[in-house]
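So the structure is just underneath, and the comments pick up after that.
There are 2 protein chains.
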Amino acid sequence: MQFKEKLEDMQAKINSYLNSIIPRDEAYINNLLDSMRYSLFAGGKRMRPILMLTVGEIFDCKAEFILPFAAAVEMIHTYSLIHDDLPAIDNDDYRRGKLTNHKVYGEACAILSGDALLNFAYEHILDFSLKYNDTRFIAASYEISKAAGIYGMIGGQVVDIENENKPCDIKTVEYMHKNKTGALITASVRSSAVISRVNADDLTRLTDFAQKLGLAFQIIDDILDVVGDDAKLGKKHGSDLKSNKSTYVSLVGLKSSREMAARLTNDALNLISFYKEKAEFLYMLTEYLLNREY
Amino acid sequence: MQFKEKLEDMQAKINSYLNSIIPRDEAYINNLLDSMRYSLFAGGKRMRPILMLTVGEIFDCKAEFILPFAAAVEMIHTYSLIHDDLPAIDNDDYRRGKLTNHKVYGEACAILSGDALLNFAYEHILDFSLKYNDTRFIAASYEISKAAGIYGMIGGQVVDIENENKPCDIKTVEYMHKNKTGALITASVRSSAVISRVNADDLTRLTDFAQKLGLAFQIIDDILDVVGDDAKLGKKHGSDLKSNKSTYVSLVGLKSSREMAARLTNDALNLISFYKEKAEFLYMLTEYLLNREY
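For the protein sequence lines, the chains are S and G, in the order given. Sequential numbering from 794 applies to the first sequence in the working numbering. Sequential numbering from 794 applies to the second sequence in the working numbering.
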């Protein structure tokens, strides 16, 4: 199968799974469910779930064991976007070219839909873990929860907000990136690896890979915010500049940022070349994610 | 030990446990941690955690097995209050006589502190469950997650919001109460029972007890919103009337509401009298919760 075909196939599998687990037509809460679905199916690339299925494939792990956790990660990612977009935080009207959740459903519903997606992520993987009663599923759930919380995504988000309109140093920008986006990407790879019962060396190698991928991904985001094409991004570029945020680009310049992203990409690819043809798709996926224009 | 002494002893045990698990002095996220602590230690009665320890005692279950889950429930309860108080939802400036979280830390931080408490609740019980690798802890975690989500607290909250400024029927008010407050109270009792390895009959009996307790508690809340003393409540009464919310009192009147609360209280007490002197404290606790003026 060609790369693009396989990518679309995985996206379809994830969308179909997500569609099957979010309830429909429940008396009293239909508006809430609509709002959750609206953001969950607003055109996300499913990068994290695809990464998870891809890691699982290297170790011949069944997709049915990865999918519940991939869905949870996507729900957590989506809730964080809904809350980030709120007037009190980034105050964004558009995301991926569509109105943000609170612009369609109102602020109260957007806050609660975010809460509901976060909670449903845990509800879903706990339900699954209870059925199978196998420690690796608890270990994977814990990996995800740690990465989503104060020592991960939420911690990074807080620093991002405090960083607005205030110049900060490269260490702070690194902390922010490592936690706000990097932690959940790393947890995606690690949780899949744990579910696939990899050995300690593999877990270290894949963690290293994921950290480099996550950081490169975020540096590229910073670069695209300066040089990106609005139509491809689905949002206005220049938002970091507008909110006076320190970024890699503002601190070390465009040229150094590009070199850094290239070096990290190269390192990430070298790490997974260890798995030879088994990691062919992960190799292509990494190149694809790090050569994007959106 | 006298009732009040034991109650205070349990509160102290829960506060000390909560204090030990919420981190302090972490570079970059101190403001977030302060904000989480602010609401977590804003004078909550710890009703749910106390209920959980009390149920555990009936079956001689070690407190160390219950405490992590009791803390999780209290964190979930606290996050829901922070988000409820936000300007976009109830827009409350005070809770329990203190400024609400967003009035002290700002809206962005209040949203993220709520998210952080919800996530940390799961992070904490997953960490614990992973250490012990015992199905009852996963079952208890799942009970809590279900009750906190779309089929529980969040579902009830959505209906509560939609119910503002719009008359609704008694079925809708029942749905709202059952889910917004009842579900987490029931999950508190059920999760403790599951951790205590009770049999199926006990689980049914305790579920029935918890549902009656939760509903009575909420009807009394509605009554106190009409006849309560602001100083004892720590907030202004009449807030339901102000926001035009339908309640038990507005739909069936004060007299019928009182009769209903009395009947439910009586039924709840009858159910636990099955455990005789083993349930003495739970009996007193139930009377205490349902004869409150605040």
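Even for Gly, the Cβ is constructed at its ideal location relative to N, Cα and C. If you're wondering where the values come from, they're calculated on a predicted model, not measured in any experiment.
May I have the straight-line CA-CA distance separating residue 991 of chain G from residue 844 of chain G, to the nearest angstrom? Between residue 991 of chain G and residue 844 of chain G, the C-alpha separation is close to 16 Å.
Assigned secondary structure, residue 892 of chain S (DSSP; H/G/I helix, E/B strand, else coil): Judged by DSSP in its simplified three-state form, residue 892 of chain S adopts strand.
Between the alpha carbons of residue 1015 of chain G and residue 929 of chain S, how many angstroms are there, rounded? Cα-Cα distance, rounded: 46 Å.
Buried or exposed: residue 795 of chain S, going by 16 or more other Cβ atoms within 10 Å of its Cβ? Result: exposed.
Do residue 951 of chain G and residue 905 of chain S have their CB atoms nearer than 8 Å? Against a cut-off of 8 Å, the Cβ pair of residue 905 of chain S and residue 951 of chain G comes out as a contact.
Can you pull out the residues from the segment 1058-1080 of chain S whose beta carbon lies closer than 7 Å to at least one beta carbon of chain G? So the list is empty, because no residue satisfies the distance condition.
Tell me whether residue 944 of chain S sits in a helix, a strand or coil according to DSSP, three-state version. Coil at residue 944 of chain S, not helix or strand.
Quick one: which unbroken alpha helix (DSSP H) runs of 4-plus residues sit fully inside the segment 799-846 of chain G? Chain order, please. With a minimum length of 4 residues, the continuous alpha helix (DSSP H) runs that stay inside the segment 799-846 of chain G are 823-833.
Please report the distance separating the alpha-carbon of residue 893 of chain G from that of residue 891 of chain S. Approximately 33 Å, taken between the alpha carbons.
Since residue 1011 of chain S is in the alpha helix (DSSP H), which residue starts that stretch and which ends it? Counted as a single uninterrupted DSSP element, the alpha helix (DSSP H) harbouring residue 1011 of chain S occupies residues 993-1020.
Among G:803, G:970, G:1055, G:909, which residue has its Cα nearest to the Cα of residue 841 of chain G? Looking at the Cα atoms, G:803 is the closest of the given residues.
Have a look at residue 938 of chain S and residue 1049 of chain S and give me their C-alpha separation to the nearest angstrom. The straight-line gap from Cα to Cα measures roughly 34 Å.
For residue 909 of chain S and residue 815 of chain S, what's the separation of their Cα atoms in angstroms? Their backbone Cα atoms lie some 11 Å apart in a straight line.
When we look at the beta-carbon of residue 823 of chain G and count the other beta-carbons within 10 Å, is it buried (16 or more) or exposed? With fewer than 16 Cβ atoms within 10 Å of its Cβ, residue 823 of chain G is classed as exposed.
First through last residue of the alpha helix (DSSP H) which encompasses residue 1074 of chain S: Run containing residue 1074 of chain S: 1073-1083, per the alpha helix (DSSP H) assignment.
Cβ-based contacts, 8 Å cut-off: residues of the segment 917-929 of chain G near chain S: Of all residues in the segment 917-929 of chain G, 919, 920, 922, 923, 926, 928 have a Cβ within less than 8 Å of some Cβ in chain S.
What are the residues of the segment 952-977 of chain S that lie near chain G, defined by any Cβ-Cβ distance shorter than 9 Å? Listed by position along the chain: 952, 954, 955, 965, 968, 969, 972.
Using a Cβ cut-off of 8 Å (strictly closer), state whether residue 1052 of chain G contacts chain S. Residue-level contact by beta carbon fails for residue 1052 of chain G and chain S, as no gap is shorter than 8 Å.
Can you check whether the CB of residue 861 of chain S is closer than 8 Å to the CB of residue 913 of chain S? No, these two residues do not count as a Cβ contact at 8 Å.
Is the CB of residue 1041 of chain G under 8 Å away from at least one CB in chain S? Output row for residue 1041 of chain G: interface = no.
Contacting positions in the segment 934-950 of chain S - beta carbon closer than 7 Å to chain G: Going along the segment 934-950 of chain S in chain order, one finds 934, 935, 938, 939, 941, 942, 943, 947, 948, 950 with a Cβ nearer than 7 Å to chain G.
Quick one: is residue 820 of chain S buried, meaning 16 or more other Cβ sit within 10 Å of its Cβ, or exposed? Label assigned to residue 820 of chain S: exposed.
Residues of the segment 830-860 of chain S with Cβ closer than 9 Å to any Cβ of chain G, in chain order: Cβ contacts with chain G come from no residue of the segment 830-860 of chain S.
Measure the CB-CB distance between residue 976 of chain S and residue 1013 of chain S and report whether it falls below 8 Å. In this structure, residue 1013 of chain S does not lie closer than 8 Å to residue 976 of chain S by Cβ.
Going along chain G, which residues have a C-beta under 7 Å from residue 862 of chain S? The CB of residue 862 of chain S never comes closer than 7 Å to any CB in chain G; the least such distance is about 12 Å.
Check distances from the C-beta atoms of the segment 873-886 of chain S to those of chain G and list, in chain order, the residues that come in under 7 Å. The segment 873-886 of chain S vs chain G, Cβ under 7 Å: 876, 879, 881, 882.
For residue 835 of chain G, count neighbouring C-beta atoms within 10 Å of its own C-beta (all shown protein chains included) and say buried if the count is 16 or more, exposed if not. When all chains shown are included, residue 835 of chain G counts as buried.
Going by the DSSP bridge assignment, what does residue 887 of chain S pair with across the sheet? Per DSSP, S:892.
Could you give the first and the last residue of the continuous alpha helix (DSSP H) run that contains residue 975 of chain G? Per DSSP, residue 975 of chain G is not a residue of any alpha helix (DSSP H), being assigned neither H nor E.
Kindly indicate which three-state DSSP category residue 1039 of chain G falls into: helix, strand or coil? In the structure shown, residue 1039 of chain G sits in coil (DSSP, three-state: anything other than H, G, I, E or B).
Relative to the alpha-carbon of residue 973 of chain S, which residue among S:808, S:874, S:994 has its alpha-carbon at the smallest distance? If we check each option's Cα against that of residue 973 of chain S, S:874 comes out closest.
Quick one: Cα of residue 809 of chain S to Cα of residue 1075 of chain G, how far? Spanning the two alpha carbons is a distance of roughly 47 Å.
What residue from S:984, S:1011, S:837 has the CA that sits closest to residue 1000 of chain S's CA? That would be S:984, whose Cα lies nearest to the Cα of residue 1000 of chain S.
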